[in-house]
Amino acid sequence: MKQFIKNQIWLASRYGSRILRNALNGWEKRNSLPVIFSNSFPKSGTNLMRQVFSAWKHLGGYIDWSREVIPTFENETGRQRPDSEILLDLQRMQPGEVWSGHLFHTKALAERLLRADIVNYFIYRDPRDVVVSHAFYVTNMAAEHVHHDYYRNVLATDEDRIRTSILGLPEIDVDFPDITERYRPYLGWVRCEDVLSVKFEDLIENRDHTLRTILQHYLNSAGNLGHTEEKWLERIDTSIRPSKSPTYREGKTGGWRNHFTEEHKTLFKEKAGALLVELGYETDQDW
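Position 61 of the sequence shown, counting from 1, maps to 80 under our numbering, and the rest follow consecutively.
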């Protein structure tokens, strides 16, 4: 019996040492890796990019904190968080971790994020699909959202809800401007050469090329992590399952055509026609 106990203690000691050694080796490896930061305009593919970067957890030893999205606005109150508060969140990021956010492009945040030890991505989507996704999300999936009761109980139809997501709600206390004014503070990331901007539509319709571009942007900063490019791409591709997203509804492109009325088109052209051209979704107002 005594020998059995001694053997068990020895095995536990050996196993514990292995766990500690592996943990230290993992820490040493991660400490040499850059942070991955995936930024996005809300309802533009945040969860899709999270699925892409889940491959880094399996092949690169990364720790994934991307579900803790760092926001510009508090979901429950709609309060805009100051940069000083957001910077405290960004200080939590450590080497070898994946993070995500919905962050405006400001001087302070750009200075913090555009560093050699952070690989930056920004995903965006056709604003017409964004307003449709937003309207259904706030109404049906986000009971804690500051505008949920208004969308669900005050607005009578989906047409009203989409119209509101285009025009905003200037008459209420919580600031909610029109779609262009909501989009514009993010556009600095699209223009930034150190950030890889990814169109949601390209991830859906031109996946192979887009995934190669995403991977190459990372490798340009971190170098090779001991796997072939094809192995990385195979793992990333198998990680992408839009229907597994907790906010999944349709997960396709151009869905706005099934929901926009002629009034919606007219209002959108007035409020955001120029935005569509700027983002490359249209060449003029004739759509």
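Glycine included, every Cβ here is placed at the ideal spot set by N, Cα and C.
Owing to the predicted nature of the structure, the values given are computational and were not obtained by experimental measurement.
Exercise. Quick check: the region 116-124 against the region 77-94, are there 3 or more CB pairs under 8 angstroms?
Worked result: Counting Cβ pairs under 8 angstroms, three or more are found: they touch.
Exercise. Cα separation between GLU248 and HIS236?
Worked result: Numbered from 1 along the sequence shown, position 229 holds the residue referred to as residue 248. Numbered from 1 along the sequence shown, position 217 holds the residue referred to as residue 236. Each residue's alpha carbon lies about 12 angstroms from the other.
Exercise. Would DSSP call VAL151 helix, strand or coil?
Worked result: The residue given as residue 151 occupies position 132 in the sequence shown. If DSSP states are grouped into helix, strand and coil, VAL151 belongs with the helices.
For this session: Have a look at LEU107 and LEU234 and give me their C-alpha separation to the nearest angstrom.
Result: Locating residue 107 in the sequence shown gives position 88, counting from the first residue. Locating residue 234 in the sequence shown gives position 215, counting from the first residue. Approximately 28 angstroms between the Cα atoms of the pair.
For this session: Compute the beta-carbon to beta-carbon distance between PHE60 and TYR156, rounded to the nearest angstrom, for a pair I have assumed lies under 8 angstroms.
Result: Along the sequence shown, read from residue 1 onward, the residue named residue 60 stands at position 41. Along the sequence shown, read from residue 1 onward, the residue named residue 156 stands at position 137. That pair is no contact at about 13 angstroms.
Exercise. Who does HIS13 pair with in a DSSP beta bridge?
Worked result: Given that the chain is displayed from residue 20 to residue 306, the structure contains no residue 13 and the question cannot be resolved.
Exercise. Hey, which unbroken runs of the beta strand (DSSP E) at 3 residues or more fall wholly within the region 133-177?
Worked result: With a minimum length of 3 residues, the continuous beta strand (DSSP E) runs that stay inside the region 133-177 are 137-143.
Problem set entry | Residues bridged to ASP83 [DSSP beta-bridge criterion] | The residue you call residue 83 lines up with position 64 of the sequence shown. VAL117, per the DSSP bridge assignment.
Exercise. Can you tell which of THR285, ILE55, ILE142, HIS77 has its C-alpha closest to the C-alpha of LEU252?
Worked result: Locating residue 252 in the sequence shown gives position 233, counting from the first residue. Cα-wise, what sits closest to LEU252 is HIS77.
For this session: Could you tell me which residues DSSP puts in a beta bridge with GLN235?
Result: Taking the sequence shown and counting its residues from 1, one reaches residue 235 at position 216. Under the DSSP definition of a beta bridge, GLN235 lacks any partner.
For this session: Report the rounded CA-to-CA distance for ALA161 versus ILE55, giving the unit in angstroms.
Result: As a working mapping, residue 161 is identified with position 142 in the sequence shown. As a working mapping, residue 55 is identified with position 36 in the sequence shown. Taking the straight line from one Cα to the other gives about 27 angstroms.
Exercise. For ASN50 versus TYR205, is the C-beta spacing smaller than 9 angstroms?
Worked result: Position 31 of the sequence shown, counting from 1, holds the residue named residue 50. Position 186 of the sequence shown, counting from 1, holds the residue named residue 205. Going by C-beta atoms, ASN50 is not nearer than 9 angstroms to TYR205.
Exercise. In angstroms, rounded to a whole number, what distance separates the CA positions of THR96 and ASN225?
Worked result: Position 77 of the sequence shown, counted from the start, is the residue given in the question as residue 96. Position 206 of the sequence shown, counted from the start, is the residue given in the question as residue 225. Taking the straight line from one Cα to the other gives about 38 angstroms.
Exercise. Using DSSP with H/G/I as helix, E/B as strand and the rest coil, what is LEU244?
Worked result: Taking the first residue of the sequence shown as position 1, residue 244 is located at position 225. Residue state, collapsed to three classes: coil.
Exercise. So what's GLN70 in DSSP terms, helix, strand or just coil?
Worked result: As a position in the sequence shown, residue 70 is number 51, starting the count at 1. Of the three classes helix, strand and coil, the one that applies to GLN70 here is helix, per DSSP.
Exercise. Between THR176 and HIS167, is the Cβ-Cβ spacing less than 9 angstroms?
Worked result: Start at 1 with the first residue of the sequence shown, and residue 176 comes out as number 157. Start at 1 with the first residue of the sequence shown, and residue 167 comes out as number 148. Remark: C-beta atoms of THR176 and HIS167 do not approach each other more closely than 9 angstroms.
For this session: Please state if the CB of LEU215 and the CB of ASN277 are separated by a distance shorter than 9 angstroms.
Result: As a first step, residue 277 must be located in the sequence shown, where it is residue number 258. As a first step, residue 215 must be located in the sequence shown, where it is residue number 196. Taking 9 angstroms as the Cβ cut-off, ASN277 and LEU215 do not qualify as a contacting pair.
Exercise. When the Cα atoms are used, what is the spatial distance from LEU186 to LYS290?
Worked result: Indexing the sequence shown from 1 puts residue 186 at position 167. Indexing the sequence shown from 1 puts residue 290 at position 271. In this model, LEU186 and LYS290 are separated by some 7 angstroms (Cα to Cα).
For this session: Using 10 angstroms around the beta-carbon of GLY309, count the other beta-carbons present and answer buried if the total reaches 16, otherwise exposed.
Result: Because the chain in this structure spans residues 20 to 306, residue 309 falls outside the shown range and cannot be described.
Exercise. Rounded to a whole number of angstroms, what is the C-alpha to C-alpha distance between ARG134 and SER240?
Worked result: Stepping through the sequence shown from its first residue, residue 134 is reached at position 115. Stepping through the sequence shown from its first residue, residue 240 is reached at position 221. About 11 angstroms.
Problem set entry | Sub-9 angstroms separation of LYS218 and TYR143 beta-carbons | Start at 1 with the first residue of the sequence shown, and residue 218 comes out as number 199. Start at 1 with the first residue of the sequence shown, and residue 143 comes out as number 124. In this structure, the beta-carbon distance from LYS218 to TYR143 falls below 9 angstroms.
Exercise. Around the C-beta of LYS271, are 16 or more other C-beta atoms found within 10 angstroms, so that it is buried, or is it exposed?
Worked result: Locating residue 271 in the sequence shown gives position 252, counting from the first residue. Answer is exposed; the Cβ neighbour count stays below 16.
Exercise. When the Cα atoms are used, what is the spatial distance from LEU286 to ARG182?
Worked result: As a first step, residue 286 must be located in the sequence shown, where it is residue number 267. As a first step, residue 182 must be located in the sequence shown, where it is residue number 163. Between the alpha carbons of LEU286 and ARG182 lies a gap of roughly 8 angstroms.
For this session: May I ask you to report which of helix, strand or coil DSSP gives PHE219?
Result: Within the sequence shown, residue 219 is the residue found at index 200, counting from 1. Of the three classes helix, strand and coil, the one that applies to PHE219 here is helix, per DSSP.
Exercise. Do you know how far the Cα of SER63 is from the Cα of LEU244?
Worked result: What you label residue 244 is simply residue 225 of the sequence shown in a count that begins at 1. What you label residue 63 is simply residue 44 of the sequence shown in a count that begins at 1. Taking the straight line from one Cα to the other gives about 29 angstroms.
Problem set entry | Where VAL193 falls: helix, strand or coil (DSSP) | Looking up residue 193 in the sequence shown gives position 174. Looking at VAL193 - three-state DSSP - the assignment turns out to be coil, as it is neither helix nor strand.
For this session: Pick helix, strand or coil for PHE287, following the three-state DSSP scheme.
Result: For the purposes of this step, residue 287 is taken as residue 268 along the sequence shown, with counting starting at 1. Correct three-state label for PHE287: helix.
Problem set entry | With 16 other Cβ atoms within 10 Å as the buried cut-off, status of TYR267 | Locating residue 267 in the sequence shown gives position 248, where the first residue counts as 1. Low confidence applies here, because TYR267 scores a pLDDT of 43, under 50, leaving its location unreliable; read the following figure in that light. Exposed: under 16 other Cβ atoms inside 10 Å.
For this session: Compare the beta carbon distance of ILE198 and VAL165 with 9 angstroms and say whether it is the shorter of the two.
Result: To locate residue 198, count along the sequence shown from 1; it is residue 179. To locate residue 165, count along the sequence shown from 1; it is residue 146. Not a contact, by the Cβ cut-off of 9 angstroms.
For this session: Classify ASN58 as helix, strand or coil using the three-state DSSP reduction.
Result: The residue labelled residue 58 in the question sits at position 39 within the sequence shown. Secondary structure of ASN58 (DSSP, three-state): strand.
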